[in-house]
Every structure is written in C-alpha cells, then in structure tokens.
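Engineer:
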Amino acid sequence: MQIHPYVPQTFGRPGRTGLPGTSAVRLLAALLGLSWATLEAQVQVRLAGYAALAADTFRAGPPSTNEPRGLFRKPPARWPNQPVQGVSSLQSAGDGTFWALSDNGFGARRNSATFLLAIYRLDIHWRTPAGGPGTVELLETVELRDPHGFAGRIVRKRDPERRLTGADFDPESLHIAADGSFWIGDEFGPWLLHFSAEGSLLAPPIPARIRVGQRQVEVRSPDRGGLRRANLPRSRGFEGLTYHPRRGELLLLLEGTLRGETVGRLRMFRYLPGISQLVEATDWRYPLERPGHAIGELSFWPERNVFLVLERDWGHGPQAAFKRVFAWQPEIGPASKQTVVDLLAIPDPDRLASADSIFAMPYVTLESLLPIDGHTLIVCNDNNYPATGGRSIGQRDATEFVLLRVEIARAAP
Numbered sequence: 011m012q013i014h015p016y017v018p019q020t021f022g023r024p025g026r027t028g029l030p031g032t033s034a035v036r037l038l039a040a041l042l043g044l045s046w047a048t049l050e051a052q053v054q055v056r057l058a059g060y061a062a063l064a065a066d067t068f069r070a071g072p073p074s075t076n077e078p079r080g081l082f083r084k085p086p087a088r089w090p091n092q093p094v095q096g097v098s099s100l101q102s103a104g105d106g107t108f109w110a111l112s113d114n115g116f117g118a119r120r121n122s123a124t125f126l127l128a129i130y131r132l133d134i135h136w137r138t139p140a141g142g143p144g145t146v147e148l149l150e151t152v153e154l155r156d157p158h159g160f161a162g163r164i165v166r167k168r169d170p171e172r173r174l175t176g177a178d179f180d181p182e183s184l185h186i187a188a189d190g191s192f193w194i195g196d197e198f199g200p201w202l203l204h205f206s207a208e209g210s211l212l213a214p215p216i217p218a219r220i221r222v223g224q225r226q227v228e229v230r231s232p233d234r235g236g237l238r239r240a241n242l243p244r245s246r247g248f249e250g251l252t253y254h255p256r257r258g259e260l261l262l263l264l265e266g267t268l269r270g271e272t273v274g275r276l277r278m279f280r281y282l283p284g285i286s287q288l289v290e291a292t293d294w295r296y297p298l299e300r301p302g303h304a305i306g307e308l309s310f311w312p313e314r315n316v317f318l319v320l321e322r323d324w325g326h327g328p329q330a331a332f333k334r335v336f337a338w339q340p341e342i343g344p345a346s347k348q349t350v351v352d353l354l355a356i357p358d359p360d361r362l363a364s365a366d367s368i369f370a371m372p373y374v375t376l377e378s379l380l381p382i383d384g385h386t387l388i389v390c391n392d393n394n395y396p397a398t399g400g401r402s403i404g405q406r407d408a409t410e411f412v413l414l415r416v417e418i419a420r421a422a423p
C-alpha cells in the first residue's frame, strides 16, 4: 500500500495560523532595531506552576526489562508491563492537554528491545499560586507501529501489529501537524519519521544529506550500520525539531557535530516535502557554550520570532552546572544567542516547588521545551527511568514539569 508521506495544507501546528502581529522582533525593530542581545538584562522569569509524574508510573503492555547490565545509572530490572517514562519532547494537543513523546526506553539500543515506543496524552494539573495538586494524569497512549513495513527490519517482526521498540528507533523530538499526525526526530539514523494520528508509520525513514564537494552524503550514526560509515557520534541525532510558521517548514537540529567539522557547532536541516528530503539549512549553525555540552530541544517561539534552544551539560544532582534556555536568531549570527532562563536558578517566590524561593532542574537530561504563549514556557526532564540521583540520591527520578512566566521589559528609548 503506497501512502503519501506529506499533506502540505496540514503541516502547521493545530490551532495556530502563523505569526501574531506583535512579535518581539517587530517591536524591537521599532525601538532602534534592537535584538535580544540588548534585552538580556531585562528578561525576568519566575516559576508559575509545577507538576510531577511519579517515577513508578506504568501502563498496560507486555513485560519489559532494561538488561543487559552495565549501562549508565541503571541497575538491571524487570517489570510486568511498560513504564511511562523518558519524556523526550512535549507538544500541545490543542485542548489544554499535552502529547509527550517517549524516548527509546532504557538508554541504549541493546537494552531497550522490550520497551514499546509510544506517545502519551497527559493532563497536567498544575500547582500554582492559586492552588492545585501538581499532579499529571495519563489520558491516552498511542503506540508507534510499522504496519506497512516502511521501517524494514524491526525487533517485533512477527508481531501482527509490528509495534516498534527502543531497539528500532530513538525518538527525541516531536511536532504535531494540523491533521493530527506526528513528525518525530530520531537519533539512531538519524531520521525524520512521520506517523499517523493513530501511530502508524506513513513513509520510509527520511535521512539527512549534506554536500561534500560535488557529492551528497547522508548523515549516519553508528547505530545505523557500524562505526566505519558513521560521520556522527552515537546518540547525537535529531534532538531538536520545530515548525517555523513564516518559512512554512520543519527544521531539525543535530545534538552532535559531524566528523571533521568544528566541535560545538551544530547543523540545522530543513525538510523539503516536495521531494521528501532533509537538506542543510543555509549556513545556520548553533554554537554551544562549550564543546562538551548538548542540546535538549529546539522550539520556535512565534510570539517572539526567535528560536529557543535548551542547552545542558552532562552533570546531574550536585554535579549539574549548566542547564539553560537560550533565545537564538541564526539569521543575525552567533551574537544573537542570549540566556532566557537559568534552569538551575529559577525564581520561585511563591515556593511552589522549593523551600527557599529558588528552584533547580538538576537533571542530566532536560529534553522538553514548549512555548505556550508570548510569556509562558514549559520545561520537562527525561527521567531516564529507572535512574536515580537527579533530585534525590538513591531515589528514582520523577518526570517534572515546570511552567515558567517570562516577562520582557520594553527597552528604554
């Protein structure tokens, strides 16, 4: 059965019709043409809401295990069903609830073959200054499947539904089209994947291509076919995926630097639906603050006409030293990158989640960043279940959701 991989008229975000007329860039242009760089000191952030999904949250499904042994912070364990964990991207469902993308499972291809990939619809009951329980409710599960055989060889090839596992793909970033279908950025390929609203893969995985001399070369992870042909480090694929309403296209950002390129400068790719290809996005390169850092998410903030990038180090708990959200305008250049919020020092004046009015997100992987409106962002961690030590030593990490209120003062004339 041939399925067309793209529906042009339904590519955008549900319920959104392009850029509002009061974007920050137009406002700043009227005020002496200033950029985000000028306003860095005038951005004020506070914690406006908090909620947590307990680490030991499970859904119906077959038994799962994270063996073999020896993987990062994860003792071998078995469960009678499927853990709801590893939120690697969060998107609005358009009705006040949210779609949360699970990652590949337990941290690696070789120990995640029993983890079934899924997208969860969550209802977040925020704790705010007005009250609220700070809990998260699982409303719906969409399991990802390959009924038409587009993915090729998969672990559950004898499964009548051909359900996909964490040994088949590593989903890290998500966009929801207006028709309800899911676009997912993967790290194993790395690939761009397109699933129906019911979770069926709609087309073969789409690779990224770069120009080397006169040739087009595919970007390849070692998880795709061995180290010899790889030109991207393992687990450094499409960590960021967003939709740009003015350009009318999907944009994807790698987490790692390609072999032979300047370490710490990350390539962005554009999806061309007419030919179903991922190509380089002009000269745009995201500059990491330090070469050893990683990005957790890329989001376009339409009300402010800037990209938001979640950048982090590899520390967790007391070792966490760098977790920040940056505003970035690649068309201006590297100097446009400016801090929006330091996630290790979030003002919490109402003590919604802290005892001392300062709240921190000290997790090794912060991977979800979602603008809600021109003043509101949501950040969420991937808890790397059953990992411990992000929040409390020896305790499995919860999945925490923080609602941030961002105020941007007008520049003085």
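Quick note: the sequence shown uses our numbering, first residue 11, plus one each step. Beta carbons are placed, not taken as given, at the ideal position from N, Cα and C, and that holds for glycine. Keep in mind it's a predicted model, so treat the numbers as computed, not measured.
Just checking my contact of L288 with A218 at CB under 8 Å: how many whole Å lie between their CB atoms?
Structural biologist: Contact holds; Cβ gap of about 4 Å.
Engineer: Examine the Cβ distances between the stretch 266–276 and the stretch 242–250 and report whether three or more of them are shorter than 8 Å.
Structural biologist: Because the criterion of three Cβ pairs below 8 Å is met, the stretch 266–276 and the stretch 242–250 touch.
Engineer: Which runs of the beta strand (DSSP E) at least 3 residues long sit entirely within the stretch 333–378? Give them in chain order.
Structural biologist: Counting whole runs of 3 or more residues, the stretch 333–378 contains the beta strand (DSSP E) stretches 333–338 and 348–352.
Engineer: Touch check for the stretch 354–368 and the stretch 87–97: three-plus C-beta pairs under 8 Å?
Structural biologist: Touching, no.
Engineer: In this structure, does DSSP put R172 in helix, strand or coil?
Structural biologist: Reduced to three states, the DSSP call for R172 is coil.
Engineer: As a quick exercise: from T175, T252, A370 and G106, pick the residue whose alpha carbon is nearest that of A330.
Structural biologist: Checked all of T175, T252, A370 and G106; the closest Cα to A330 is A370.
Engineer: If we ignore side chains and look at the alpha-carbon of each, how far apart do V55 and L318 end up?
Structural biologist: Those two C-alpha atoms are separated by around 15 Å.
Engineer: From the DSSP output, in three-state form, read off N391 for me.
Structural biologist: Reduced to three states, the DSSP call for N391 is strand.
Engineer: Using three-state DSSP, classify R238 as helix, strand or coil.
Structural biologist: Note: R238 maps to coil in three-state DSSP.
Engineer: Y296 and L320 - do their beta-carbons sit closer together than 8 Å?
Structural biologist: Not closer than 8 Å, so no.
Engineer: In terms of DSSP beta bridges, what is T316 paired with?
Structural biologist: Thr is not the amino acid found at residue 316; the sequence shown has Val there. Answer by DSSP bridge pairing, in chain order: W311.
Engineer: Can you give me the C-alpha to C-alpha distance between L127 and P301, rounded to a whole angstrom?
Structural biologist: C-alpha separation (whole angstroms): 31 Å.
Engineer: In whole angstroms, give me the CA-to-CA distance for L379 and I164.
Structural biologist: Rounded to the nearest angstrom, the two C-alpha atoms are 30 Å apart.
Engineer: Taking contact to mean 3 or more Cβ pairs, one atom from each stretch, closer than 8 Å, check whether the stretch 131–146 and the stretch 102–114 are in contact.
Structural biologist: With the cut-off at 8 Å, the stretch 131–146 and the stretch 102–114 touch.
Engineer: What are the boundary residues of the beta strand (DSSP E) that includes I220?
Structural biologist: Note, I220: beta strand (DSSP E), R219 to V222.
Engineer: At which residues does the beta strand (DSSP E) containing S4 begin and terminate?
Structural biologist: Lying outside 11 to 423, the shown extent of the chain, residue 4 is not represented and no answer is given.
Engineer: V65 and Y395: beta carbons closer than 8 Å?
Structural biologist: Reading off the sequence, residue 65 comes out as Ala, not Val. It is a contact, given that the beta carbons lie within the stated cut-off.
Engineer: Could you spell out where the beta strand (DSSP E) holding W324 opens and where it closes?
Structural biologist: W324 -> no beta strand (DSSP E), and no H or E assigned at all.
Engineer: Helix, strand or coil for G404 per DSSP?
Structural biologist: G404: coil per DSSP, three-state reduction.
Engineer: Can you give me the Cβ contacts of D407 inside the same chain, cut-off strictly under 8 Å, excluding the 5 residues immediately before and after it?
Structural biologist: Taken in chain order, the residues that qualify are A65, Y373, N391, N393, N394, Y395, A397, T398, G399, G400 and R401.
Engineer: Tell me whether G404 is buried or exposed, calling it buried when 16 or more other Cβ atoms sit within 10 Å of its Cβ.
Structural biologist: Its Cβ having fewer than 16 others within 10 Å, G404 is exposed.
Engineer: Between the alpha carbons of F179 and E410, how many angstroms are there, rounded?
Structural biologist: Each residue's alpha carbon lies about 24 Å from the other.
Engineer: Could you say which of R173, G247, L376 and L149 lies nearest to P157 if we only look at CA atoms?
Structural biologist: Of R173, G247, L376 and L149, the residue nearest in Cα terms is R173.
Engineer: Please specify which runs of the beta strand (DSSP E), each continuous and at least 3 residues long, are wholly inside the stretch 237–310, giving them in chain order.
Structural biologist: Segments of the beta strand (DSSP E) lying fully in the stretch 237–310: 248–254, 259–264, 275–282 and 287–297.
Engineer: Compute the Euclidean distance between the alpha carbons of L282 and P328, then round it to the nearest angstrom.
Structural biologist: Each residue's alpha carbon lies about 43 Å from the other.
Engineer: Thinking just about the alpha-carbon of each residue, which of G250, L414, I285 and R314 is nearest to the one in A193?
Structural biologist: Reading off the sequence, residue 193 comes out as Trp, not Ala. It is G250 whose Cα lies nearest to the Cα of W193.
Engineer: Under the three-state reduction of DSSP, which class applies to E417: helix, strand or coil?
Structural biologist: E417: strand per DSSP, three-state reduction.
Engineer: Looking only at its own chain, which residues have a Cβ that is under 8 Å from the Cβ of P72, when we skip the five neighbours before and after it?
Structural biologist: Correct list, in chain order: N91, Q92, T124 and L126.
Engineer: I134 lies in the beta strand (DSSP E); which residues open and close that run?
Structural biologist: Element bounds for I134: A128 to H135.
Engineer: Out of L387, P340 and G176, state which residue places its alpha-carbon closest to the alpha-carbon of A291.
Structural biologist: The candidate whose alpha carbon is nearest that of A291 is P340.
Engineer: What does the Cβ neighbour count give for G43, buried or exposed, with the cut at 16 atoms within 10 Å?
Structural biologist: The pLDDT assigned to G43 is 36, lower than 50, so where the model puts this residue is not dependable, and the model offers no usable value.
Engineer: Going by other Cβ atoms of all chains shown within 10 Å of its Cβ, with 16 needed for buried, is L414 buried or exposed?
Structural biologist: Its Cβ being crowded by 16 or more others within 10 Å, L414 is buried.
Engineer: Using 8 Å as the limit for Cβ to Cβ distance, is H158 near chain D?
Structural biologist: The structure shown contains no chain D; it holds only a single protein chain.
Engineer: In terms of residues, what are the limits of the beta strand (DSSP E) holding F205?
Structural biologist: Per DSSP, F205 belongs to the beta strand (DSSP E) from W201 to F205.
Engineer: Going by C-alpha distance, which of K333, H326, S309 and A345 is nearest S102?
Structural biologist: Of K333, H326, S309 and A345, the residue nearest in Cα terms is S309.
Engineer: Using DSSP with H/G/I as helix, E/B as strand and the rest coil, what is Q95?
Structural biologist: It is coil, neither helix nor strand.
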